[in-house]
Amino acid sequence: MDPLIPFHTALRWQDIVDILLNSYILFRLYVLFRGTNVIRMIMAIAMLWMIERLAVNMGLIVTSWAMQGIIAAAALIVIIVFRNEIAGVLQTRDFKSFFWGFPQRQVQTPVDIIVESVYELARRKLGALIVLPLQKSIETVVQSGIPWQGKLSREMLLSIFWHGTPVHDGATIVQGDQIVEVATILPLSKSTDLPAYFGTRHRAAAGLTEQTDAVVLVVSEERGQVTVFKDESIIHINDNIELSKVLRDYTGEVTTTGGLKRHTVELGIAAMICLASITGIWFSFARGLETLVTLEVPVEFMNRDPMMEIFAASASSVRLQLSGSGTLIKSVRPDQVKVKLNLANAVAGSNQVPIARDSIALPPGIQLKKVDPQALEVTLDLPVEKTLPVQVIWTGKLAAGLIMEDVRMVPDNVKVVGGSLMLKGIQTIYTEKLPLEGIVTGGTASVSLVLQPSSLKLEEGVRNRVDVIYKVKMRPAASS
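Residue numbers (the numbering used here): 17 to 496.
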């Protein structure tokens, strides 16, 4: 692994808000739907999604496609099959309960009053149908109830189910210590496995428990038998002690310190799971949508000694390979990526300056993958001036019989600005090559100066050319 680029994930503050917000939304959905079949199906879909992501990471293309199809079908099934349950939860919640607060446990149902009342009804052979809703709403399942809102008591239940009262044939709904609705019509069970002696009350009780988590008590008018329906269980009660135990098992509320603590721990664990799930989803999408891009970024040099100047650098820009989500990569502007090298410790002469991770400024959410080159060679020196003579560089040969009689340059020396270490070894400034071919008489030629190394500069205002004035003459004839 490249030591200059440690592995890390840069999170923007927007990403943190994104994760926390969606974690809270997921937690609120859990609070609203916990204990229902909907939440169980959602958990199953989440498991399928994790299998699908694992298949993608392992390169199992067909498995991934199959899982995607199953997830889409499962989501549709949840909406269609459990639409009543979903509607019931949404319709029975006020605006506040959707966004904050926790559902309060119902007021403790007075089981003793119900047991006493039920066995009084059974003794008198008064048919009765009593519904105790739990976590799932039953409002979309039951029909035609009459609001009651009366305090639960033995006398109240006896009067409701007494022969001849207008409401005695329907079901009575009890929530906490209140009778909230009477003369309610329950859906009949379509099951063919029910005993033949079950009447309409029993089939209505079974029908409701097939669709909700309510507990339903039935008192048979003919036999005086008490039966409790819960989910797929049908319990024939033998005495009041057994009825009391069954009701407390099904409807007993959290009243003890230990029970309240378990309730708090359950919600805390759910919150942590929601946060972990959304974080995993975010990282999955962030990695899955990762895009690579290479940018050429100019280098900025900082904190150099004010007495020295930069006379040479091995490169003026570096190539950065960046990664991030496609949306972030497309939004990156050139001015958001900067490479700043610190020259505070640089000395006169050649310096190897590494390009560390903290030398590179990137937008949030963008990660650095590679730097090329990983270091620059930077030459610093104290700038000085030096006057140097100018010498022309001739190439070729004069025509036969000619010789160079005189050469002058205007100017014959120039003032050069450069680093002190560099100018120490330079004694002459040369011109460009001037060909001798074609010269037959004297004349003047204008040629450029060659400044080597390129960091050398002429004094400000001096042009980079000199005039070469030359004279030629015929070679003297040799004496015999």
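Note that the Cβ used here is the ideal one computed from N, Cα and C, for glycine as well.
Point to revise | Spatial distance of Asn-465 from Lys-473 (CA atoms) | key: One-based indexing of the sequence shown puts residue 465 at position 449. One-based indexing of the sequence shown puts residue 473 at position 457. For the sequence presented, residue 465 should be read as Leu rather than Asn. Distance between the alpha carbons of Leu-465 and Lys-473 is about 11 Å.
Review point. Terminal residues of the continuous alpha helix (DSSP H) containing Arg-217?
Key: Residue numbering aside, residue 217 sits at position 201 when the sequence shown is read from its first letter. Run containing Arg-217: 216 to 227, per the alpha helix (DSSP H) assignment.
Point to revise | CA-to-CA distance, Val-147 to Asp-209, given in whole angstroms | key: Walking along the sequence shown from the start, residue 209 turns up at place 193. Walking along the sequence shown from the start, residue 147 turns up at place 131. Each residue's alpha carbon lies about 22 Å from the other.
Check your understanding: Going by Cα to Cα distance, which pick from Val-400, Leu-338, Leu-378 and Gly-412 is closest to Asp-388?
Key -> Translated into the one-based positions of the sequence shown, residue 388 becomes position 372. Checking every option, the nearest Cα to that of Asp-388 belongs to Leu-338.
Review point. How far does the alpha helix (DSSP H) with Trp-29 in it reach, from first residue to last?
Key: Counted from its first residue, the sequence shown places residue 29 at position 13. Annotation for Trp-29: the continuous alpha helix (DSSP H) segment containing it runs 29 to 49.
Point to revise | Buried or exposed (CB count within 10 angstroms, at least 16 for buried), Thr-310 | key: To locate residue 310, count along the sequence shown from 1; it is residue 294. By the neighbour-count criterion, in which 16 or more other beta carbons inside 10 Å mark a residue as buried, Thr-310 falls on the exposed side.
Point to revise | Counted within 10 angstroms of its Cβ, other Cβ atoms place Thr-299 as buried (16 or more) or exposed | key: In the sequence shown, the residue the question calls residue 299 occupies position 283. Checking the sequence, you will find Phe at residue 299 rather than Thr. Burial call: exposed.
Review point. What's the C-alpha gap between Ile-419 and Met-490?
Key: As a working mapping, residue 419 is identified with position 403 in the sequence shown. As a working mapping, residue 490 is identified with position 474 in the sequence shown. Distance between the alpha carbons of Ile-419 and Met-490: 6 Å.
**Study point:** Length of the line joining the Cα atoms of Leu-357 and Met-323
**Key:** In the sequence shown, counting from the first residue as 1, residue 357 sits at position 341. In the sequence shown, counting from the first residue as 1, residue 323 sits at position 307. Distance between the alpha carbons of Leu-357 and Met-323 is about 18 Å.
Exercise for review: Find out if the Cβ-Cβ distance for the pair Leu-378, Ile-445 is shorter than 8 Å.
Suggested key: Here residue 378 corresponds to residue number 362 of the sequence shown, with the count starting at 1. Here residue 445 corresponds to residue number 429 of the sequence shown, with the count starting at 1. Not closer than 8 Å, so no.
Check your understanding: Met-438 and Phe-327: beta carbons closer than 8 Å?
Key -> Here residue 438 is taken as the residue at index 422 of the sequence shown, counted from 1. Here residue 327 is taken as the residue at index 311 of the sequence shown, counted from 1. Closer than 8 Å, so yes.
Exercise for review: From the DSSP output, in three-state form, read off Pro-314 for me.
Suggested key: To locate residue 314, count along the sequence shown from 1; it is residue 298. Shown here, Pro-314 sits in a strand according to DSSP, grouped into three states.
Review point. First and last residue of the alpha helix (DSSP H) that includes Tyr-213?
Key: Taking the sequence shown and counting its residues from 1, one reaches residue 213 at position 197. Element bounds for Tyr-213: n/a, residue is neither H nor E.
Review point. Using the C-alpha atoms, what's the distance from Glu-453 back to Ala-364?
Key: Your numbering for residue 364 matches position 348 in the sequence shown. Your numbering for residue 453 matches position 437 in the sequence shown. Distance between the alpha carbons of Ala-364 and Glu-453 is about 45 Å.
Review point. Are the Cβ atoms of Val-190 and Leu-168 separated by less than 8 Å?
Key: Translated into the one-based positions of the sequence shown, residue 190 becomes position 174. Translated into the one-based positions of the sequence shown, residue 168 becomes position 152. The answer is yes: Cβ separation under 8 Å.
**Study point:** 8 Å CB neighbourhood of Thr-273 in its chain, flanking five on each side removed
**Key:** Looking up residue 273 in the sequence shown gives position 257. With a pLDDT of 46 at Thr-273, under the threshold of 50, the predicted position of this residue should be treated as unreliable, and no value is reported.
Exercise for review: Count the CB pairs spanning the stretch 163 to 180 and the stretch 242 to 262 that are closer than 8 Å, and state whether there are at least three.
Suggested key: no
Exercise for review: Inspect the beta-carbon positions of Val-394 and Ala-362 and report whether they are closer than 8 Å.
Suggested key: The residue given as residue 394 occupies position 378 in the sequence shown. The residue given as residue 362 occupies position 346 in the sequence shown. Yes.
Practice item. Look up Asn-358 in the DSSP assignment and say whether it is helix, strand or coil. Key: Here the question's residue 358 lines up with position 342 in the sequence shown. If DSSP states are grouped into helix, strand and coil, Asn-358 belongs with the strands.
Review point. Is His-179 near Leu-142, with beta carbons less than 8 Å apart?
Key: Taking the first residue of the sequence shown as 1, we reach residue 179 at position 163. Taking the first residue of the sequence shown as 1, we reach residue 142 at position 126. Leu-142 sits close to His-179, with the two beta carbons spaced by under 8 Å.
Practice item. Give every residue of the same chain whose Cβ lies closer than 8 Å to the Cβ of Ile-86, excluding the five residues on either side of it in the sequence, and list them in chain order. Key: As a working mapping, residue 86 is identified with position 70 in the sequence shown. Cβ within range, chain order: Leu-64.
Review point. In angstroms, rounded to a whole number, what distance separates the CA positions of Ala-331 and Arg-349?
Key: Locating residue 331 in the sequence shown gives position 315, where the first residue counts as 1. Locating residue 349 in the sequence shown gives position 333, where the first residue counts as 1. Distance between the alpha carbons of Ala-331 and Arg-349: 22 Å.
Exercise for review: Return the first residue and the last residue of the alpha helix (DSSP H) that Arg-479 is part of.
Suggested key: Sequence index remark: in the sequence shown, residue 479 carries index 463 (1-based). First-last for Arg-479: undefined, no H or E at that position.
Check your understanding: Out of Gly-166, Ser-470, Met-59 and Gly-441, which has the shortest C-alpha to C-alpha gap to Lys-402?
Key -> Counted from its first residue, the sequence shown places residue 402 at position 386. Checked all of Gly-166, Ser-470, Met-59 and Gly-441; the closest Cα to Lys-402 is Gly-441.
Exercise for review: Closer than 6 Å by C-beta to Gln-407: which residues in its own chain qualify, once you throw out the five before and the five after it? Chain order, please.
Suggested key: For the purposes of this step, residue 407 is taken as the residue at position 391 of the sequence shown. Thr-444 and Tyr-446, listed in sequence order.
Check your understanding: What are the partner residues of Trp-81, as DSSP defines its beta bridges?
Key -> Along the sequence shown, one-based indexing puts residue 81 at 65. Per DSSP, none; premise fails for Trp-81.
Point to revise | Paired residues, beta bridge with Ala-71 - DSSP | key: The count along the sequence shown starts at 1 and reaches residue 71 at position 55. According to DSSP, Ala-71 bridges with nothing at all.
Check your understanding: Nearest to Asp-483 by CA position, among Lys-152, Ser-205, Gly-459 and Phe-43, is which residue?
Key -> On the sequence shown, residue 483 is found 467 positions in, with the first residue counted as 1. Checked all of Lys-152, Ser-205, Gly-459 and Phe-43; the closest Cα to Asp-483 is Gly-459.
Review point. From what residue to what residue does the beta strand (DSSP E) around Ser-249 run?
Key: Taking the sequence shown and counting its residues from 1, one reaches residue 249 at position 233. Under the DSSP assignment, Ser-249 falls in the beta strand (DSSP E) whose first and last residues are 249 to 253.
Check your understanding: Tell me which same chain residues have a C-beta within less than 7 Å of the C-beta of Ile-67, skipping the five on either side of it?
Key -> Sequence index remark: in the sequence shown, residue 67 carries index 51 (1-based). Met-83.
Exercise for review: Please go through the same chain and pick out, in chain order, the residues whose beta-carbon is closer than 8 Å to the beta-carbon of Ile-61, but skip the five residues on each side of it.
Suggested key: As a position in the sequence shown, residue 61 is number 45, starting the count at 1. Excluding residues within five positions, the ones whose Cβ falls inside 8 Å are Ile-87, Ala-90, Ala-91 and Val-94.
Check your understanding: Can you check whether the CB of Cys-290 is closer than 8 Å to the CB of Phe-43?
Key -> Position 27 of the sequence shown, counted from the start, is the residue given in the question as residue 43. Position 274 of the sequence shown, counted from the start, is the residue given in the question as residue 290. A contact, by the Cβ cut-off of 8 Å.
Point to revise | Per-residue burial, Pro-380 [other beta carbons within 10 Å of its own, 16 or more giving buried] | key: Indexing the sequence shown from 1 puts residue 380 at position 364. With fewer than 16 Cβ atoms within 10 Å of its Cβ, Pro-380 is classed as exposed.
Review point. Taking just the CA atoms, how far does Ile-382 sit from Glu-476?
Key: By 1-based counting over the sequence shown, the position of residue 476 is 460. By 1-based counting over the sequence shown, the position of residue 382 is 366. The alpha-carbon of Glu-476 is positioned some 45 Å away from that of Ile-382.
Exercise for review: In angstroms with no decimal places, state the Cα-to-Cα distance between Ile-35 and Ile-294.
Suggested key: For the purposes of this step, residue 35 is taken as residue 19 along the sequence shown, with counting starting at 1. For the purposes of this step, residue 294 is taken as residue 278 along the sequence shown, with counting starting at 1. The straight-line gap from Cα to Cα measures roughly 6 Å.
Exercise for review: Would you decide whether Ala-221 is buried or exposed? Buried here means 16 or more other CB atoms lie within 10 Å of its CB.
Suggested key: Stepping through the sequence shown from its first residue, residue 221 is reached at position 205. Within a 10 Å sphere around the beta-carbon of Ala-221 sit 16 or more other beta-carbons, which makes this residue buried.
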